[in-house]
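**Student:**
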């Protein structure tokens, strides 16, 4: 698909993060493989969002290393969608045009490319609507379309459906499946075990800031190795 | 009653002296607002984004300067432009240019302070998304100014209000020379002391009308902006 070298795999070695003396994440060693869908699972406060932000470069790790296969291209080849979409005070189309402009795409090519990003996600009819007046589900789809327009190699998704109704959740999951089919690597966090079962190819299970288990999804769901994961899957309140 | 009737008559008859005074006032104040925005918007945004030692002091200073008395601003520009001042050779004292300069000094702190506060709030909201897009802080500034456009309008308007209402600064650096540097506010001062109340009242009514119209326009734009931009 690409002539240039992939930025993946992404290798995390002994990754740790502390804020005001508290160690929120410690000693995470994990490989993110290309073209896979990795779901990060764990109870609230386990450090899932933190791990995504460290990988994406929004936070600096206080310990350990993050190594991309092609570090010089890494920053431009990734995108992230947040739990609460951050949309600019512009039209839906304007939001995508802005992202393309910031990333240095030629002015003439932007509009066509933005239109191509809106079209497959049923957002074309909303192109001229103010983005912040769209419904929650539409806003999240727009945030996804904006990320898609940038053609990242890897997309980080932080609880993308946490605030959505089932119908919107389904649309977002279809978008994720489509991104994946396009060859994009997906790393996402979720609370929703059903969603994890539907989407995950690999699972990383975090508990209290530690990576307790990392394996392929089929094995994780069938035979979790740790007591914490067994409890989590059984729906127990693990603390 | 006859005073107001005479004043209205002056306005409606299109009195040439009156029109000249109104035109000069608007020219001076609008120029000062334009210059104040060109300088103040980027500086305010820069102040919002930059982190440096003494930033707090600068912010307090700018906020304090919003209350700078117009006569003091006028005095500063007077000293700057007077024969023996550093800009004396430019021979600008008692000219409309000097008045624009003085009003710019009055407007600038308002524009900077409000821009800083608007941009800082927006950056707090947008930071993760913009950094995710690899936006540098410098590149973020135009984005934040554009997205804050409707809030910033309020600040620009406050600047206009301050400049159009003040009399001290333009009086000191302009000299209130008839047909040359006489503005609505300086004319009102003079005509009132001369007992020519009709002209003073006419100018007062025009000044109020202009202020009212601008505020209505800005309010309308703000409402419209919230409706179309969220």
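Protein chains in written order, with the numbering used here: chain Y, 1 to 239; chain P, 240 to 469.
Heads up, the beta-carbon is just placed ideally off N, CA and C, and yes, glycines get one too.
Note that this is a predicted model, so its numbers are computed, not measured.
#1: What's the C-alpha gap between residue 15/Y and residue 455/P?
#2: Helix, strand or coil for residue 403/P per DSSP?
#3: Can you tell me whether residue 330/P is buried or exposed, with buried defined as 16 or more other CB within 10 angstroms of its CB?
#4: In the DSSP assignment, the alpha helix (DSSP H) including residue 108/Y goes from what residue to what residue?
#5: If you check the beta carbons only, do residue 468/P and residue 130/Y fall under 8 Å apart?
#6: Less than 8 Å between CB atoms is the rule here; does residue 74/Y satisfy it with respect to chain P?
#7: Cβ closer than 7 Å: which chain Y residues qualify as neighbours of residue 372/P?
#8: Report the residues of the segment 353 to 370 of chain P with a CB closer than 8 Å to any CB of chain Y, ordered along the chain.
#9: For residue 251/P, which option in 463/P, 445/P, 450/P has the closest C-alpha, if you only look at C-alpha atoms?
#10: Compute the Euclidean distance between the alpha carbons of residue 351/P and residue 159/Y, then round it to the nearest angstrom.
#11: Terminal residues of the continuous beta strand (DSSP E) containing residue 14/Y?
#12: State the DSSP-derived secondary structure class of residue 216/Y, mapped to helix, strand or coil.
#13: Given that residue 382/P touches chain Y, what residues does it touch there, using C-beta distances under 8 Å?
#14: Please list the segments of the alpha helix (DSSP H) lying wholly inside the segment 348 to 408 of chain P, counting only runs of 4 or more residues, in order along the chain.
#15: How about residue 58/Y: is its C-beta nearer than 8 Å to some C-beta of chain P?
#16: Go ahead and pull the three-state DSSP assignment for residue 139/Y.
#17: Residues in its own chain within less than 8 Å of residue 358/P by CB, not counting five upstream and five downstream?
#18: Run down chain Y in chain order and give the residues with a C-beta less than 7 Å from the C-beta of residue 401/P.
#19: Give me whichever residues DSSP pairs with residue 78/Y in a beta bridge.
#20: Cβ closer than 9 Å: which chain P residues qualify as neighbours of residue 79/Y?
#21: With 16 as the cutoff for other CB atoms within 10 Å, does residue 135/Y come out buried or exposed?
#22: Going by the DSSP bridge assignment, what does residue 187/Y pair with across the sheet?
**Tutor:** From the atom records:
#1: Here residue 15/Y is taken as the residue at index 15 of the first chain, counted from 1. Here residue 455/P is taken as the residue at index 216 of the second chain, counted from 1. Roughly 57 Å between the two C-alpha positions.
#2: Residue numbering aside, residue 403/P sits at position 164 when the second chain is read from its first letter. It is helical.
#3: Translated into positions along the second chain, residue 330/P becomes position 91. Exposed is the call here.
#4: Taking the first residue of the first chain as position 1, residue 108/Y is located at position 108. Looking at the DSSP string, the run of the alpha helix (DSSP H) that includes residue 108/Y is 107 to 118.
#5: Residue mapping note: residue 468/P aligns to position 229 of the second chain, counting from 1. Residue mapping note: residue 130/Y aligns to position 130 of the first chain, counting from 1. The criterion of a C-beta distance shorter than 8 Å is satisfied by residue 468/P and residue 130/Y.
#6: Along the first chain, read from residue 1 onward, the residue named residue 74/Y stands at position 74. For residue 74/Y, the answer is no, since every Cβ of chain P falls outside 8 Å of its Cβ.
#7: Here residue 372/P refers to the residue found at position 133 when the second chain is read from its first residue. 99, 102, 103, listed in chain order.
#8: 364, 365, 367, 368, 369, 370
#9: Mapped onto the second chain, residue 251/P falls at position 12. When each option's Cα is compared against that of residue 251/P, the closest is 445/P.
#10: Residue numbering aside, residue 351/P sits at position 112 when the second chain is read from its first letter. Residue numbering aside, residue 159/Y sits at position 159 when the first chain is read from its first letter. Going from the Cα of residue 351/P to the Cα of residue 159/Y covers about 38 Å.
#11: Taking the first residue of the first chain as 1, we reach residue 14/Y at position 14. Element bounds for residue 14/Y: 10 to 19.
#12: The residue labelled residue 216/Y in the question sits at position 216 within the first chain. Residue 216/Y: strand per DSSP, three-state reduction.
#13: On the second chain, position 143 is the one that residue 382/P refers to. Correct list: 88, 98, 102.
#14: 376 to 386, 388 to 404
#15: Counting from 1 along the first chain, the entry for residue 58/Y is found at position 58. Yes, because at least one Cβ of chain P sits closer than 8 Å to the Cβ of residue 58/Y.
#16: Taking the first residue of the first chain as 1, we reach residue 139/Y at position 139. Three-state DSSP puts residue 139/Y in a helix.
#17: Indexing the second chain from 1 puts residue 358/P at position 119. Closer than 8 Å at Cβ, skipping near neighbours: 283, 284, 287, 288, 380, 383, 384, 387.
#18: On the second chain, residue 401/P is found 162 positions in, with the first residue counted as 1. The contacting residues do not exist; residue 401/P stays about 27 Å from chain Y at best.
#19: The residue given as residue 78/Y occupies position 78 in the first chain. Bridge partners of residue 78/Y: 154/Y.
#20: Position 79 of the first chain, counting from 1, holds the residue named residue 79/Y. Within chain P, the residues near residue 79/Y are 371, 372.
#21: Residue mapping note: residue 135/Y aligns to position 135 of the first chain, counting from 1. Flag for residue 135/Y reads exposed.
#22: Position 187 of the first chain, counted from the start, is the residue given in the question as residue 187/Y. DSSP, once it has assigned bridges, lists 38/Y, 156/Y as partnering residue 187/Y.
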